[in-house]
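*Asks:*
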Amino acid sequence: MSLPLADDEEKGKRFSCGCPEYIFPSRNYGIDALRIVAMVMVLILHLLASIDVLSVENHGTSSYNVGWLLETAAYCGVNCYALITGYVCCDGTFRYERVVSLWFQVVFYTWGSLLLALLLFPHALQLNHILNSLFPVLSGQYWYVTAYVGLFFFIPFLNALGNRLTKLQFQYLLVTVFVLFSVIPTLLHRDVFSVEEGYTIWWLGSLYMLGMYIKKHGLLMGMKTRSLWMFYAGCVCFAWGFRMVLNVVSPYLIGQVKGGGMFVHYNSPFIVGTAVALLLIFSRMHFSSRRYVSCVSWLAAASFSVYVLHCNALIGKWFLWDVFEWTASPSTALMVVKVLAAAAVYAGCALVDSVRRYLFRLINVERGARSVTGFCGKLGHAFRQMYRRINPRS
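If you're matching positions, the sequence shown starts at 140 in the working numbering and goes up one per residue.
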């Protein structure tokens with residue numbers, strides 16, 4: 140997901156909820172707004188999964204049809220975050236302490252949730268809950284965080300590659316990558332090159348390069364914003380309509396409802412198209428009101444913590460997903476209301492994160508991140524010196 144930069148919170152200090160001191164002219168607050176929208180989309184995907192309206196057993200009902208329309212429209216949220224990362228980080232100074240700062244956030248919430256669970260629900264805890272909470276990144280509890288941390292170490296090399304390529308070479312690279320990782324797996328409906336429908340570091344790296352290309356060379360610059368919205372809607376409607384048609388036709392062809400999800404996965408060309416359209420739309424946005432800038436800045440800085448909180452295997456499950464599953468209903472209107480509650484979930488998680496940010500500033504976590512990075516750098520230097528002594532000709 141588009142993880143906020145390490146200096147986002149530092150910039151956020153210049154703002155208050157009511158009266159920010161200054162609007163940074165070089166910062167694209169439209170991209171910050173897309174961070175918020177993309178995370179709300181991720182929340183919608185998880186809320187729809189929790190109320191179980193997307194299963195084939197509900198085929199033919201209005202809740203199923205509307206649910207899959209919402210699912211398709213929101214499916215590009217994760218892709219948006221990866222595109223934003225490439226769009227923002229391609230020109231920035233690479234700092235390893237960003238990874239350490241993000242890891243501190245994950246540990247704060249996973250270890251904190253474990254402590255809270257031990258106090259409130261000790262009988263419900265299992266060994267795997269404890270191990271996943273103690274080692275959140277290594278256990279893969281948050282697949283995106285694990286993949287992103289892996290990607291982060293390649294960012295300097297991806298930036299160097301993107302800066303050395305000509306525009307035409309960059310275009311050839313992107314076409315090759317997306318034909319191999321997106322078009323072929325989608326059309327063949329097989330994971331030919333082990334992209335796992337976008338749940339891998341390789342797919343995030345591909346989107347990172349696409350975001351970098353959009354920032355450096357532009358894309359679809361001649362299209363008006365209204366046309367981009369139509370492009371987004373067209374991709375959504377085609378992917379959704381294809382599913383609806385196959386759901387009707389497949390029982391007559393193969394005797395069961397199957398194949399409708401062909402175009403609804405992260406590496407689908409249509410889902411990529413919706414993410415690109417949103418990135419271009421929001422990158423053109425400008426905010427003149429300091430009040431709007433203040434709110435967007437504050438909410439965007441919380442986007443990563445919103446993801447970690449609502450996906451938490453303990454607190455997120457017991458206080459959010461179990462509640463939505465318990466209140467499941469066949470009513471289409473009620474389902475839409477629950478999905479729209481994603482905005483309320485975001486706001487609640489952002490409020491919790493404001494406490495975390497205050498505590499991190501109080502104990503100066505950024506300084507700790509720099510210390511950890513410095514220690515790792517000294518350790519790496521010591522290993523290099525040892526290697527040179529063993530092999531002086533290298």
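Using N, Cα and C, we set each Cβ at its ideal position, and we do this for glycine too.
Let's see if you can read the secondary structure: which residues bound the alpha helix (DSSP H) around Arg-354?
*Replies:* As a working note, residue 354 is residue 215 in the sequence shown. The sequence shown places Lys at residue 354, rather than the Arg named in the question. Start and end: 340-356.
*Asks:* Can you find the residues in the same chain that come closer than 6 Å, C-beta to C-beta, to Phe-163, ignoring five residues on each side of it along the sequence?
*Replies:* Within the sequence shown, numbered from 1, the residue matching residue 163 stands at position 24. Because Phe-163 sits at a pLDDT of 45, beneath the cut-off of 50, its placement in the model cannot be relied upon, and the point is left open.
*Asks:* Which same chain residues end up closer than 6 Å to Ser-407 when comparing Cβ atoms and leaving out the 5 residues on each side of it in sequence?
*Replies:* Counting from one through the sequence shown, the residue named residue 407 turns up at place 268. If we look at Ser-407 and ignore the five residues flanking it on each side, its Cβ neighbours are Thr-325.
*Asks:* So, are the CB atoms of Leu-255 and Ile-454 less than 8 Å apart?
*Replies:* As a position in the sequence shown, residue 255 is number 116, starting the count at 1. As a position in the sequence shown, residue 454 is number 315, starting the count at 1. Contact flag set, yes.
*Asks:* DSSP on Phe-332, reduced to helix/strand/coil?
*Replies:* Within the sequence shown, numbered from 1, the residue matching residue 332 stands at position 193. It is coil, neither helix nor strand.
*Asks:* Measuring CB atoms only, is the stretch 181-198 touching the stretch 363-373, in the sense that at least three cross pairs come out at less than 8 Å?
*Replies:* No, they do not touch.
*Asks:* Just to confirm the assignment: which complete alpha helix (DSSP H) runs, minimum length 4, are found wholly within the stretch 479-518?
*Replies:* Here the runs fully enclosed are 481-502.
*Asks:* Ignoring anything shorter than 4 residues, give me the alpha helix (DSSP H) runs that lie fully in the stretch 243-315, in order along the chain.
*Replies:* You should have 266-273, 282-291, 294-303.
*Asks:* Which residues in the same chain as Cys-450 place their Cβ atom closer than 7 Å to its Cβ, once the five residues preceding and following it in sequence are excluded?
*Replies:* In the sequence shown, counting from the first residue as 1, residue 450 sits at position 311. For Cys-450, where only same-chain residues beyond five positions count, the Cβ hits under 7 Å are Tyr-281.
*Asks:* Mind checking Asn-386: buried by the 16 CB within 10 Å criterion, or exposed?
*Replies:* Your numbering for residue 386 matches position 247 in the sequence shown. Buried: at least 16 other Cβ atoms inside 10 Å.
*Asks:* Taking all protein chains shown into account, decide if His-185 is buried (16 or more other Cβ within 10 angstroms of its Cβ) or exposed.
*Replies:* Within the sequence shown, residue 185 is the residue found at index 46, counting from 1. Buried: at least 16 other Cβ atoms inside 10 Å.
*Asks:* Would you mind giving the Cβ-Cβ distance between Tyr-347 and Ala-221, rounded to the nearest angstrom? I have them listed as a contact below 8 Å.
*Replies:* Against the sequence shown, residue 347 aligns to sequence position 208. Against the sequence shown, residue 221 aligns to sequence position 82. Sure, about 6 Å apart at Cβ, within 8 Å.
*Asks:* Trp-437: buried (16+ other C-beta within 10 angstroms of its C-beta) or exposed?
*Replies:* Mapped onto the sequence shown, residue 437 falls at position 298. Answer is buried; the Cβ neighbour count reaches 16.
*Asks:* Tell me which same chain residues have a C-beta within less than 7 Å of the C-beta of Ile-183, skipping the five on either side of it?
*Replies:* Numbered from 1 along the sequence shown, position 44 holds the residue referred to as residue 183. Contacts found: Leu-209, Ala-213, Val-478, Ala-481.
*Asks:* Reducing DSSP to helix, strand and coil, say where Leu-359 ends up.
*Replies:* For this step, residue 359 is matched to residue 220 along the sequence shown. Correct three-state label for Leu-359: coil.
*Asks:* Counting C-beta neighbours from all protein chains within 10 Å, is the total for Ile-529 16 or more, i.e. buried, or is it exposed?
*Replies:* For the purposes of this step, residue 529 is identified with residue 390 of the sequence shown, where counting begins at 1. Classification of Ile-529: exposed, given that the 10 Å Cβ count is below 16.
*Asks:* I'd like to know whether the C-beta atoms of Leu-297 and Gly-344 end up nearer to each other than 8 Å.
*Replies:* To locate residue 297, count along the sequence shown from 1; it is residue 158. To locate residue 344, count along the sequence shown from 1; it is residue 205. Yes, the Cβ-Cβ distance between Leu-297 and Gly-344 is below 8 Å.
*Asks:* Would Cys-229 and Thr-413 be called neighbours here (beta carbons separated by less than 8 Å)?
*Replies:* By 1-based counting over the sequence shown, the position of residue 229 is 90. By 1-based counting over the sequence shown, the position of residue 413 is 274. No.
*Asks:* Give every residue of the same chain whose Cβ lies closer than 7 Å to the Cβ of Gly-513, excluding the five residues on either side of it in the sequence, and list them in chain order.
*Replies:* If you number the sequence shown from 1, residue 513 lands on position 374. Cβ neighbours of Gly-513 beyond the five flanking positions: none.
*Asks:* Output needed for Lys-152: all residues of its chain with C-beta closer than 6 Å, excluding positions within five of it in sequence on either side, in chain order.
*Replies:* Residue 152 sits at position 13 when you count from the first residue of the sequence shown. Note that Lys-152 scores a pLDDT of 39, beneath 50, so its modelled location is shaky; the value from the coordinates is reported in the next line. Excluding residues within five positions, none has a Cβ falling inside 6 Å.
*Asks:* Hey, how far is the Cα of Val-334 from the Cα of Gln-265?
*Replies:* Sequence index remark: in the sequence shown, residue 334 carries index 195 (1-based). Sequence index remark: in the sequence shown, residue 265 carries index 126 (1-based). If I take the Cα positions, the gap works out to 32 Å.
*Asks:* Could you check whether the stretch 348-356 touches the stretch 166-181, counting it as contact only if at least three pairs of C-beta atoms, one from each stretch, sit closer than 8 Å?
*Replies:* Contact between the stretch 348-356 and the stretch 166-181 is absent, because fewer than three Cβ pairs lie under 8 Å.
*Asks:* Inspect the beta-carbon positions of Gly-439 and Ile-175 and report whether they are closer than 8 Å.
*Replies:* Along the sequence shown, read from residue 1 onward, the residue named residue 439 stands at position 300. Along the sequence shown, read from residue 1 onward, the residue named residue 175 stands at position 36. The question names Gly, yet the displayed sequence has Ala at residue 439. Yes. Within cutoff.
*Asks:* Taking the alpha carbon of Leu-187 as the reference point, which residue from Phe-243, Ala-521, Gly-519, Val-205 has its own alpha carbon closest?
*Replies:* Looking up residue 187 in the sequence shown gives position 48. Nearest option by C-alpha distance: Val-205.
*Asks:* Measuring straight from C-alpha to C-alpha, what distance separates Tyr-405 and Arg-523?
*Replies:* The residue given as residue 405 occupies position 266 in the sequence shown. The residue given as residue 523 occupies position 384 in the sequence shown. Tyr-405 and Arg-523: Cα-Cα distance of roughly 40 Å.
*Asks:* When you compare only the Cα positions, how much space is there between Val-331 and Thr-315?
*Replies:* Indexing the sequence shown from 1 puts residue 331 at position 192. Indexing the sequence shown from 1 puts residue 315 at position 176. The alpha-carbon atoms of Val-331 and Thr-315 are separated by roughly 14 Å.
*Asks:* Quick check on the burial criterion: 16 or more other C-beta atoms within 10 angstroms. Buried or exposed for Asp-492?
*Replies:* Within the sequence shown, the letter at position 353 stands for residue 492. Buried is the call here.
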